[in-house]
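Residue numbers (the working numbering), protein chains in the order written: chain A, 8 to 157; chain B, 2 to 126.
Just so you know, even glycine gets a beta-carbon here, dropped at the ideal spot from N, CA and C.
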């Protein structure tokens, strides 16, 4: 009988103390708002323009950095400025990942294209003319790569 | 035979890269940020130079260059407070705040550009 009372008392005390402890328990929360980041790195900003009679083409390259849910960003080519000896803005870029499908970006009517996070893209500049038809001097094209992370 | 000087833009190893945040300011998810009691709303932008060398950036608001950042050393991040003019009261407007890498030579092939879309609402009684 005595043992039973002791056992009951200790269970009651134990329940009471755990209940008291629970009441004093506070949650700790760690929270940080992770801001969406949109970035671009241009690994290689130099390339050669390929004409009809040039064999090889030399690529420039860039990589987009984004922490968006979709994991991709939209890249647009703005202010495409070829030198005067490339008449009528007659040229285009080819863009895509190494050994992947290349998108054609017409200098007169450039379209946007989607790029995955951290996937290196290569860009080629092409002018569909023979180099002999181009006035001698520097033939160059410059552009602004605009990145939009959604 | 005509000698074509192909552009092999030897840019002295200069590569351009940067990041910007936020990419969206205000809007549906954060209506309070959108609201302004004044016609000029200051928007804070974080700009980071991802290069391993110093780089400076143009600051453009709605297609107009309004200034330049300081020269940012490699990996440096700064907070820019950009004043944006809201055109009409009691009407939601979208403004674009962009940073553009400043070429260090005329012969640079690329500039990088990143924008923040700011949804602004000028409350006027």
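Can you tell me whether residue i is helix, strand or coil according to DSSP?
i: residue 11 of chain B; result: Because the pLDDT of residue 11 of chain B is 33, which lies under 50, any placement of that residue in the model is unreliable, and the number read from its coordinates should be weighed accordingly. Three-state DSSP puts residue 11 of chain B in coil, outside helix and strand.
i: residue 35 of chain B; result: helix
i: residue 7 of chain A; result: Within the shown structure, residues of chain A are numbered from 8 to 157, placing residue 7 of chain A beyond reach of any answer.
i: residue 39 of chain A; result: coil
i: residue 94 of chain B; result: strand
i: residue 126 of chain A; result: coil
i: residue 57 of chain A; result: strand
i: residue 144 of chain A; result: strand
i: residue 96 of chain A; result: helix
i: residue 101 of chain A; result: strand
i: residue 29 of chain B; result: helix
i: residue 18 of chain B; result: strand
i: residue 68 of chain A; result: strand
i: residue 138 of chain A; result: helix
i: residue 46 of chain A; result: strand
i: residue 42 of chain B; result: strand
i: residue 119 of chain B; result: strand
i: residue 80 of chain B; result: strand
i: residue 155 of chain A; result: strand
i: residue 119 of chain A; result: coil
i: residue 56 of chain B; result: strand
With a threshold of 7 Å on Cβ separation, who are the neighbours of residue i within its own chain once the five nearest residues in sequence on each side are excluded?
i: residue 53 of chain A; result: 67
i: residue 38 of chain B; result: 124
i: residue 72 of chain B; result: 55, 57
i: residue 87 of chain B; result: 37, 40, 42, 94, 121, 123
i: residue 96 of chain B; result: 62, 63, 85, 119, 121
i: residue 152 of chain A; result: 47, 69, 82, 84
i: residue 156 of chain A; result: 43, 45, 73, 75, 80
i: residue 53 of chain B; result: 75
i: residue 18 of chain B; result: 51, 52, 113
Can you round the beta-carbon distance between residue i and residue j to whole angstroms, since I take them to be within the 8 Å contact cut?
i: residue 97 of chain A; j: residue 136 of chain A; result: 7 Å
i: residue 101 of chain B; j: residue 118 of chain B; result: Their Cβ separation, rounded to whole angstroms, is 16 Å, which puts residue 101 of chain B and residue 118 of chain B out of contact at 8 Å.
i: residue 79 of chain A; j: residue 104 of chain A; result: The Cβ separation is near 12 Å, so there is no contact.
i: residue 57 of chain A; j: residue 133 of chain A; result: 5 Å
i: residue 20 of chain B; j: residue 46 of chain A; result: 3 Å
i: residue 100 of chain A; j: residue 84 of chain A; result: 7 Å
i: residue 115 of chain B; j: residue 154 of chain A; result: 5 Å
i: residue 110 of chain B; j: residue 149 of chain A; result: 6 Å
Pick out whichever of the options has its Cα sitting closest to the Cα of residue i.
i: residue 56 of chain B; options: B:79, B:45, B:36; result: B:79
i: residue 86 of chain A; options: A:117, A:71, A:62; result: A:117
i: residue 158 of chain A; options: A:44, A:131, A:156, A:154; result: Because chain A here runs from 8 to 157, residue 158 of chain A falls outside it and cannot be looked at.
i: residue 76 of chain B; options: A:48, A:101, A:40; result: A:48
i: residue 45 of chain B; options: B:26, B:52, B:93, B:91; result: B:26
i: residue 76 of chain A; options: A:65, A:123, A:114; result: A:123
i: residue 103 of chain B; options: B:50, B:32, B:24; result: B:50
i: residue 121 of chain A; options: A:55, A:102, A:34; result: A:102
i: residue 142 of chain A; options: A:94, A:112, A:108, A:149; result: A:94
i: residue 145 of chain A; options: A:111, A:38, A:89, A:112; result: A:89
i: residue 91 of chain B; options: B:126, B:105, B:82; result: B:126
i: residue 24 of chain B; options: A:107, A:41, A:106, A:51; result: A:41
Closer than 8 Å by beta-carbon distance: list the chain A residues that pair up with residue i, in chain order.
i: residue 111 of chain B; result: 49, 52, 67, 69, 149, 150, 151, 152
For residue i, which residues in chain A fall below 9 Å Cβ to Cβ?
i: residue 101 of chain B; result: 151, 153
Which residues in chain B have a C-beta closer than 8 Å to the C-beta of residue i? List them in chain order.
i: residue 46 of chain A; result: 18, 19, 20, 21, 49, 51, 115
i: residue 72 of chain A; result: 20, 51
i: residue 85 of chain A; result: 114
Taking 6 Å as the limit between beta carbons, can you name the residues of its chain near residue i, skipping five residues before and five after?
i: residue 60 of chain A; result: 137, 138
i: residue 67 of chain B; result: 60
i: residue 22 of chain B; result: 47
i: residue 55 of chain A; result: 65
i: residue 28 of chain B; result: 120
i: residue 35 of chain A; result: none
i: residue 33 of chain A; result: none
Using a cut-off of 7 Å between C-beta atoms, extract the partners of residue i located in chain A.
i: residue 24 of chain B; result: 43, 45, 156
Who are the Cβ neighbours of residue i in its own chain at under 8 Å, not counting the five residues just before and after it?
i: residue 112 of chain A; result: 84, 99, 100, 101, 102, 118, 120
i: residue 125 of chain A; result: 70, 71, 72
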